[in-house]
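Residue numbers for the sequence shown follow full-length UniProt numbering, so the first one is 1 and each next one is one higher.
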Amino acid sequence: MSPQPKKRSKAAPSGSPSSGSPAALILLLLLVVGGAFIPGRWIRDASTMGETSPIIMARNLIINPIVDHQTPPSPPQSLPSIRKAEQAPAAATTNQTTMSQANPIVHLRAPPLQPLPSIPEPEQAPEAIVPPFACLSGNQTGNEICRSANPLPIPAPSLSRPHSSSCPDYFRWIHEDLRPWKSTGITRKMVERARRTANFRLVVLNGKAYVQRYCHSFQTRDVFTIWGILQLFRRYPGRIPDLDLMFDCVDWPIVRASDYRRRNASAPPPLFRYCGDESTLDIVFPDWSFWGWAEINIKPWEVLRSELKDGNDRVRWMDREPYAYWKGNPAVATTRQDLLRCNVSESHDWNARLYAQDWLQESREGFKESDLANQCIHRYKIYIEGSAWSVSEKYILACDSLTLLVTPKYHDFFTRGLMPLQHYWPIRDDDKCRSIKFAVDWGNSHKQKAQAIGKEASNFILEKVKMDCVYDYMFHLLNEYAKLLRYKPTIPEGSVELCAESMACSVNGLEKKFMTESLVRSASNSSPCMMPPPYSTSEVRMIARRKANTMKKVEMWEQRARESKDNNV
Numbered sequence: 001m002s003p004q005p006k007k008r009s010k011a012a013p014s015g016s017p018s019s020g021s022p023a024a025l026i027l028l029l030l031l032v033v034g035g036a037f038i039p040g041r042w043i044r045d046a047s048t049m050g051e052t053s054p055i056i057m058a059r060n061l062i063i064n065p066i067v068d069h070q071t072p073p074s075p076p077q078s079l080p081s082i083r084k085a086e087q088a089p090a091a092a093t094t095n096q097t098t099m100s101q102a103n104p105i106v107h108l109r110a111p112p113l114q115p116l117p118s119i120p121e122p123e124q125a126p127e128a129i130v131p132p133f134a135c136l137s138g139n140q141t142g143n144e145i146c147r148s149a150n151p152l153p154i155p156a157p158s159l160s161r162p163h164s165s166s167c168p169d170y171f172r173w174i175h176e177d178l179r180p181w182k183s184t185g186i187t188r189k190m191v192e193r194a195r196r197t198a199n200f201r202l203v204v205l206n207g208k209a210y211v212q213r214y215c216h217s218f219q220t221r222d223v224f225t226i227w228g229i230l231q232l233f234r235r236y237p238g239r240i241p242d243l244d245l246m247f248d249c250v251d252w253p254i255v256r257a258s259d260y261r262r263r264n265a266s267a268p269p270p271l272f273r274y275c276g277d278e279s280t281l282d283i284v285f286p287d288w289s290f291w292g293w294a295e296i297n298i299k300p301w302e303v304l305r306s307e308l309k310d311g312n313d314r315v316r317w318m319d320r321e322p323y324a325y326w327k328g329n330p331a332v333a334t335t336r337q338d339l340l341r342c343n344v345s346e347s348h349d350w351n352a353r354l355y356a357q358d359w360l361q362e363s364r365e366g367f368k369e370s371d372l373a374n375q376c377i378h379r380y381k382i383y384i385e386g387s388a389w390s391v392s393e394k395y396i397l398a399c400d401s402l403t404l405l406v407t408p409k410y411h412d413f414f415t416r417g418l419m420p421l422q423h424y425w426p427i428r429d430d431d432k433c434r435s436i437k438f439a440v441d442w443g444n445s446h447k448q449k450a451q452a453i454g455k456e457a458s459n460f461i462l463e464k465v466k467m468d469c470v471y472d473y474m475f476h477l478l479n480e481y482a483k484l485l486r487y488k489p490t491i492p493e494g495s496v497e498l499c500a501e502s503m504a505c506s507v508n509g510l511e512k513k514f515m516t517e518s519l520v521r522s523a524s525n526s527s528p529c530m531m532p533p534p535y536s537t538s539e540v541r542m543i544a545r546r547k548a549n550t551m552k553k554v555e556m557w558e559q560r561a562r563e564s565k566d567n568n569v
């Protein structure tokens, strides 16, 4: 509530109405009452006018998860089951509205912990960040801006050097994701069958990007995904082949493998998105948040990665709170609502400290309590999926804390390279509370081992998923995909040529800031990392078996601990 203006006492001058007739007194009274009402109303109205444009956008979100996806959990449909629907993303919009009406979860909050002191704000306001190219005023179209832009110079062959190291092992999953089209190749008809749920179509022709939008994605997912692809062009100019692809920015994978294993079944439509699972064939691509998430003030990954490194150094692992920490939006998934039952209460302490994130309040307060670099103050951090996979995983893994990973269903492009007890501690989805308590008890009894697992995970995420690796993954994925095309791509009717200049010059606020911060300023002098060979069928099975056996081992430890406790009662 805005404070009411203080009333100032003022002596009435001689001959003023205060010493005049009763009518004058009534008139004065009306003026005083009216004057008190008008400033109060003005203050209430004016208090909503000082917000920045990103906060105005965020204000429209009733419920926002922590670095998560605002689409609600509802069963995804496969492509064959939605043939009659021309625009499936419209259903996602309806679901988002439904989710925003969900009742808040009432639960006991954890006792307040001492937060890590924030880095003091600079005494002088920072200078406005501007792109390193001129944004011309006028009525220039995107095509005109791109044609007049100066391309980054391509390094001379004599200065370009081959990459001396092999890509991380998780790059090998590129071959697996593209395996469904290995024998058939990809035809134009296959690509166009994926249009029914796609948000946009991307065609690359002679090193230029043309985008045909079918419908806007939720928030700016499509904008920053396209921006990221354009940065790849700037990093490796002239090295992205001609290609044609469809991209779906909705959370859940929908190309069900079972629909294309039947006799005489057609080849599946190649559809790019941010995550997949064991039963689908969607092609997994790095998500938009690597270049920033403007609506909730999540910085580009390269910027945040550096801050997380500094945050890890400010509080040693041994000095951190000996509990498991999670902060997020429970309304997006029943599994998260179930997690809140593990919060500390008067009768139970499951070693968990769980907090419901209110992004609407955060936006009003300038996101002061959602600085991810200041949240690395617990020995253990919980990762749990939302409506699908969550982009929060990389931020959690980067904290040096031992990640307690609730059994996931989905994977993104790098998480298939993670192994239980090497990078994280597995948590049972069907018995979260006892599983979390055992993990924390084990870690506090085996501090060096727990710290080592946490450090292994942060080294993985900070070094093997740095932006150099993200761009190289994109490079190899798009090159391998382009090799499968059985036709020459053409510019779609109604498409628009896009470039970094046309995108950055058309936005403001945090969108422009994050685009400027994540802009690739010069072409790479070295080639991408060397692509590792595909997995054999036996290797894929061995990886799955190793994960399953390790998780069973942890479950056995938990069971023995419970039996031992029961015997001692």
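All residues carry an ideal CB built from backbone N, CA and C; glycine is no exception.
Kindly give me the distance between the Cβ atoms of residue i and residue j, rounded to whole angstroms, as I take these residues to be in contact under 8 Å.
i	j	result
P250	L281	Per the sequence shown, the amino acid found at residue 250 is Val instead of Pro. Wrong, their Cβ atoms sit about 16 Å apart, outside the cutoff.
Y481	L245	7 Å
A267	W326	41 Å between Cβ atoms; not a contact.
E321	H378	5 Å
A457	H423	4 Å
W288	R221	5 Å
N312	C433	Contact flag wrong, Cβ pair sits at about 28 Å.
Of the residues the options, which one's Cα is nearest the Cα of residue i?
i	options	result
Y214	R196, G443, K309, F224	R196
Y487	W173, P132, N199, K189	K189
E517	P151, E302, D222	E302
A450	C146, E493, S401	S401
E539	R434, D169, P151	D169
I186	D429, L484, R379	L484
R201	R336, L498, Q212, A194	Q212
D472	I145, F171, T335	F171
R261	S279, Y274, P253	S279
R305	I396, S345, K432	I396
I461	N374, P408, M318, K309	K309
G292	M467, M531, S445	M467
G443	V554, T334, S502, Y355	V554
I226	Y355, S183, Y274	Y274
N297	S390, E511, G238, I240	E511
E295	A439, R316, L243, V223	V223
V520	P300, G276, E144	P300
E144	K447, P532, N567, A500	A500
R562	V465, V507, R541, D431	D431
Could you name the residues of the same chain whose beta carbon sits closer than 6 Å to that of residue i, not counting the 5 residues immediately before and after it, in chain order?
i	result
Q87	Note that Q87 scores 38 on pLDDT, short of 50, meaning its location in the model is unreliable; the coordinates nonetheless yield the value given after this. The residues are C215.
residue 587	As shown, the chain starts at 1 and ends at 569. That puts residue 587 outside it, with no answer to give.
V470	P286, F290
I38	Caution is warranted here: a pLDDT of 35 is assigned to I38, below 50, making its placement in the model unreliable, and no coordinate value can be reported.
E307	A373
Based on DSSP bridge pairs, tell me the residues matched to residue i.
i	result
V284	R273
V382	Per the sequence shown, the amino acid found at residue 382 is Ile instead of Val. BP columns for I382 point to L404.
W326	L354
K208	L205
L245	L202
H411	G276
S166	M530
Y424	P420
I298	W293
I321	The question names Ile, but residue 321 is Glu in the sequence shown. Paired residues: H378.
R213	F200
Apart from the five residues on each side of it in sequence, which residues of its chain come closer than 7 Å, Cβ to Cβ, to residue i?
i	result
F475	L232, Y236, P528
T415	E393
T52	Model confidence at T52 stands at a pLDDT of 31, short of 50, so the residue's coordinates are unreliable and nothing is read from them.
A194	M246, P269, P270, L271
S435	I427, R428, E558
N264	none
K208	E497
K565	none
R336	G328, P330, I384, G386
M556	none
K437	W350, N351
K447	M318
Excluding sequence positions up to five away, which residues of its chain have a Cβ less than 8 Å from the Cβ of residue i?
i	result
T550	M419, P420, L421, P426
R491	Note on identity: in this sequence residue 491 is Ile, with Arg being the wrong assignment. Excluding residues within five positions, the ones whose Cβ falls inside 8 Å are V203, L205, Y210.
Using 7 Å as the cut-off, classify the Cβ of residue i as near or not near the heavy atoms of the ligand HEM, replying yes or no.
i	result
C505	Absent from the structure shown: the ligand HEM. Ligands present: none.
* In chain order, which alpha helix (DSSP H) runs of at least 4 residues are fully inside the region 478-558? -> 500-504, 509-517
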